[in-house]
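Letter 487 of the sequence shown, counting from 1, is numbered 487 in UniProt numbering, and no numbers are missing.
Note that beta-carbon positions come from the ideal geometry of N, C-alpha and C, so glycine has one too.
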Amino acid sequence: MTRGVRNAQPGRQWEAGLSELEALFGEPLSELTPEAGTEPSPAPVAGGAHGSRPSQPKCSKRPGDPESSDCVDGSGETGGAPGAATRAARRPRRSRPGQKHAAHRTQPDPEPLLLAASYYPAVDGMRAVAILSVLLFHTGLYSNGLFGVDLFFLLSGFLITLTMLREYHRTGIVHLGRFYSRRAKRLLPLLALTLGVTLLAVYIWGSRAELTRFGEQALASLVYLTNWEQIASGQEYWDGFGALNPLGHMWSLAITEQFYLVWPVLLLSVLLLGRMLSRRGSGGLRWQRSPISALLVLLVGGIGAIVAAAQPALRFDGTNADRMYLGTDTHTVGLFVGAVMAAISYLLLQYSGKNGQRARTGAGVVWGRVITWVLMSTLSLAALLGIIILSVRATSYEEPWLYRFGFTAVALLGGILVLTLTCRRNLISRLFAWPPLVETGRISYTLFLVHLPVYWTIQAVDPTVSPADIAILGIPLSLGLASGLHHLVGEPIRLRHWARRGTALFTGLMVTVTAAVLVVPELVQRTPEGHGETRVLTLGDSLANDLASALSRNASAAFTVTDGGIPGCGISGSSAQRTRAGIEQPSPRGCLPWQERWREEIRSTRPSIIVVHIAWDAVEQEIDGVWTDLTDPGFADRYRSALEEAIEVTAMPGTRVLLANARLHNGILSPEQGLAFNRILAAVLRDHPGIELLDLQGQLCSDEECGTQTEEGEDRYLDDRVHFSPAGKREIAPWLSQELLRAPAGEGSDD
1 MTRGVRNAQP GRQWEAGLSE LEALFGEPLS ELTPEAGTEP SPAPVAGGAH
51 GSRPSQPKCS KRPGDPESSD CVDGSGETGG APGAATRAAR RPRRSRPGQK
101 HAAHRTQPDP EPLLLAASYY PAVDGMRAVA ILSVLLFHTG LYSNGLFGVD
151 LFFLLSGFLI TLTMLREYHR TGIVHLGRFY SRRAKRLLPL LALTLGVTLL
201 AVYIWGSRAE LTRFGEQALA SLVYLTNWEQ IASGQEYWDG FGALNPLGHM
251 WSLAITEQFY LVWPVLLLSV LLLGRMLSRR GSGGLRWQRS PISALLVLLV
301 GGIGAIVAAA QPALRFDGTN ADRMYLGTDT HTVGLFVGAV MAAISYLLLQ
351 YSGKNGQRAR TGAGVVWGRV ITWVLMSTLS LAALLGIIIL SVRATSYEEP
401 WLYRFGFTAV ALLGGILVLT LTCRRNLISR LFAWPPLVET GRISYTLFLV
451 HLPVYWTIQA VDPTVSPADI AILGIPLSLG LASGLHHLVG EPIRLRHWAR
501 RGTALFTGLM VTVTAAVLVV PELVQRTPEG HGETRVLTLG DSLANDLASA
551 LSRNASAAFT VTDGGIPGCG ISGSSAQRTR AGIEQPSPRG CLPWQERWRE
601 EIRSTRPSII VVHIAWDAVE QEIDGVWTDL TDPGFADRYR SALEEAIEVT
651 AMPGTRVLLA NARLHNGILS PEQGLAFNRI LAAVLRDHPG IELLDLQGQL
701 CSDEECGTQT EEGEDRYLDD RVHFSPAGKR EIAPWLSQEL LRAPAGEGSD
751 D
């Protein structure tokens, strides 16, 4: 009696303390309260005198709570109820025929409870934060959002590896055919639909150069080779500056899918090796539940992460940022770190599942949970702050520290964040599980697909929009469009069984989109724009595209314009070019031999006036493995011969030819290089009085600078300070029209 009175007061203190903890963490802990005056009872021992099943710990199960783990409760790409593995774990085992149930024989421990379809809302919340960062970064409002794509890499590696490990745990095998079938159903229909609609938008509002470039990138996007297409074509520089590119984000999807093409096969090989080792050393344990396989995955993923981190650190030389950033071999550290974190998560699931079979009560458990709350929340917050700090520091993907350690640091911090977010006792996890964030994370793939086409269309319809306008209009439009496509198209296709009719429809969609992106740009490229009597053909580099666009959009009544320019294409015959910033790119496809292409354009269009802009030749050129430019007398003599040949190709009876000079102050060449080009051009024109000069330098620049603002105060050039903005094209169109129309008729020969 005295003992009961003596323990009553501590019991009330215990209950008061629990109330405070519940208020702090928002989690009921009262089921852990020991009865007053008693000690916590020990956990029952498996296999009692009558062979009964071990008692399960009492648990206050709520929606979304794990059944056997404090911090890790399984994962999948979609949520759902506990699956077959959980039901099997709850089902009593039947004895084999002839098996004796002796009192002295101990029953095996129940299987660890790995939920087949349990769900991490906070991980979807993390996906939402990553995609919103990408959306804001691409508006141009700020330049400090570089790591959103890297977080996607991390999450992709994490989710796909954990999903495959769980399938192996349940079934003992990973079905690669089913895996790739699920990927195709989830990704390809939405991709094809996005490309088809975007092609229509570019056809309506885009320039010929944009439509041609779209066709090339769309084909690469369909086979997930966009990153290598950009590297091989040398277009990464042009895609990195200036106007929005509707497919400028597809390179990251290409890297992810290339990783998915290789990693599941390698993962299955590692798991099969783990099966062999587990059968030899695991005794009575079921081999697919042995930790050996997961440890091997951890080892292989770790080696992959180290190699992926070392590649850019060792190969970056200050001039190859595009190659390092876009290459699959140099930008996969996040995917491998995600795979490592998935293996760690799986091992924690196994450990917590086994320990979860023991009943746990008392003050020690409560304070253990409190420590878990504090530790997990602190780690999540520290990792999140670290990513934010690095993101603020990174203003360009060309910064050397990114390749030495930056991307690796972001991958490791992101790995810590995603691993701690799988812990339900985590304040940051609760914040990331906010329902609007979770829903945004669920539609993140569709949102990533559509946001740049939406932004591009807004800018194409109204070229005067600011980055703030794009953010205000584009982000809500992208969210609404992505949500509709996800729920009305993506999810029904993914969840529905594809019979013969569904497969035929999908095949038809892919064939139609592929044919469209092949045929439409080629047809439009050869279709003149405008309806004037004067037929104009532009030849040369990307500034020739700008001159054609300025005429066709602002003087269509006077001219019929055919754009024959190719970005990065001159007449020097070099294999590669290098800007004054050190950016190298090979000569684009279709450029060489330029003589045949020019003759074909002239034959097919029969122009009245030919405008040639080839000032791209003023930058450094790689000739026979040696870098040189027009300030070198030897190369200057060689280039003068090329100019003579260009005049010979273009000078036709009844056709006027105008050659544009270089602006001395722009983003790709030095004033000395531009001056050398203009001197050679002037000397050649003196020898050919029938060929005229289109004086861009005199019209737009002085010897000291080129003005960057129009008379209305708008930007004359894009961010690269090379290409004309829409306002700049409107400004030069009247002057350009005047220069062309006053050219004397009938004097086009070079005699």
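* When you compare each of D322, R640, L151 to A676 by their alpha carbons, which one comes out closest? -> With distances taken between CA atoms, A676 lies nearest to R640 out of D322, R640, L151.
* To do: Using DSSP bridges, identify the partner residues of R578.
  => E584, E620
* To do: Please determine if the region 385–400 and the region 408–424 are in contact, where contact requires at least 3 C-beta pairs separated by less than 8 Å.
  => yes
* Asked: What is the C-beta distance between A550 and A733, in whole angstroms, given that I count them as a contact (C-beta under 8 Å)?
  -> 5 Å
* **Three-pair Cβ contact test at 8 Å for the region 329–347 versus the region 294–303** => Counting Cβ pairs under 8 Å, three or more are found: they touch.
* To do: Find the nearest neighbour of F724 within the set L696, V149, G674, judged by alpha-carbon distance.
  => L696
* Asked: Which same chain residues, not among the five before or five after G406, have their C-beta less than 7 Å away from its C-beta?
  -> Same-chain partners within the cutoff: L390, A394.
* Helix, strand or coil: how does DSSP classify R186 here? -> R186: helix per DSSP, three-state reduction.
* Short Cβ contact (7 Å threshold) for Y346 with A309 -> no
* **L385 burial status per 10 Å Cβ neighbour count (16 or more: buried)** => exposed
* Evaluate Q709 with the Cβ neighbour count: other Cβ atoms within 10 Å of its Cβ, from every protein chain shown; 16 or more gives buried, anything less gives exposed. => Answer is exposed; the Cβ neighbour count stays below 16.
* Asked: Among W616, I610, I602, which residue has its Cα nearest to the Cα of A576?
  -> W616
* To do: Using the Cα positions of G582 and I623, report the straight-line distance between them to the nearest angstrom.
  => 16 Å
* For E692, write down the residues that DSSP places opposite it in a beta bridge. => Residue pairing from DSSP places E692 in a beta bridge opposite L658.
* **Inter-residue CB distance, D720 and G667 (contact presumed, cutoff 8 Å)** => 5 Å
* Comparing alpha-carbon positions, which option in A460, F316, G140 lies nearest T198? -> A460
* Which residues in the same chain have their Cβ closer than 7 Å to the Cβ of R553, if we skip the five residues on either side of it in sequence? -> K729
* Measure how close the beta-carbons of D541 and H613 come, nearest whole angstrom, since I'm counting them as under 8 Å. => Contact flag correct, Cβ pair sits at about 6 Å.
* Asked: Nearest to R679 by alpha carbon, out of A504, L132, A618, C701?
  -> A618
* Is the distance from the Cβ of L267 to the Cβ of M164 below 7 Å? -> yes
* Would you report the Cα separation of A381 and I428, rounded to the nearest angstrom? -> Note that residue 381 is Leu in the sequence shown here, rather than Ala. Within the model, the alpha-carbon separation for L381 versus I428 is close to 7 Å.
* Local conformation of L195 per DSSP, three classes -> Looking at L195 - three-state DSSP - the assignment turns out to be helix.
* Asked: When you compare each of G140, F153, E672 to E257 by their alpha carbons, which one comes out closest?
  -> F153
* To do: Over the uninterrupted beta strand (DSSP E) stretch that includes T560, give me the two end residues.
  => 559–565
* **Cβ neighbour criterion (16 or more within 10 Å) applied to M276** => It is exposed - the Cβ of M276 has fewer than 16 other Cβ atoms within 10 Å.
* In DSSP terms, what D715 is bridged to -> Q709
* Where does the unbroken alpha helix (DSSP H) through G172 begin, and where does it stop? -> No alpha helix (DSSP H) holds G172; DSSP gives it neither H nor E.
* Measure the C-alpha to C-alpha separation of P579 and R496 and round it to an integer number of angstroms. => According to the sequence shown, residue 579 is Thr rather than Pro. If I take the Cα positions, the gap works out to 52 Å.
* Let me know the alpha helix (DSSP H) ranges lying completely inside the region 383–453, each 4 residues or longer, listed in chain order. => 407–421, 427–432, 435–442
* To do: Spell out the partners DSSP gives G490 in its beta bridges.
  => Paired residues: none, contrary to the question.
* **Residue range of the unbroken beta strand (DSSP E) whose run includes T538** => 534–540 is the span of the beta strand (DSSP E), which, as asked, contains T538.
* **Nearest residue (CA-CA) to E705, options P671, T538, L437** => P671
* **Candidates G172, L187, E210, S133, of which the one nearest V520 by Cα** => E210
* Does the distance from the CB of T194 to the CB of P467 come in under 7 Å? -> no
* **Closest Cα partner of W735 within the set R663, I602, E645, L547** => W735 has its Cα closest to that of L547, out of R663, I602, E645, L547.
* To do: Can you tell me which of T534, A232, A201 puts its alpha carbon nearest to the alpha carbon of Y455?
  => A201
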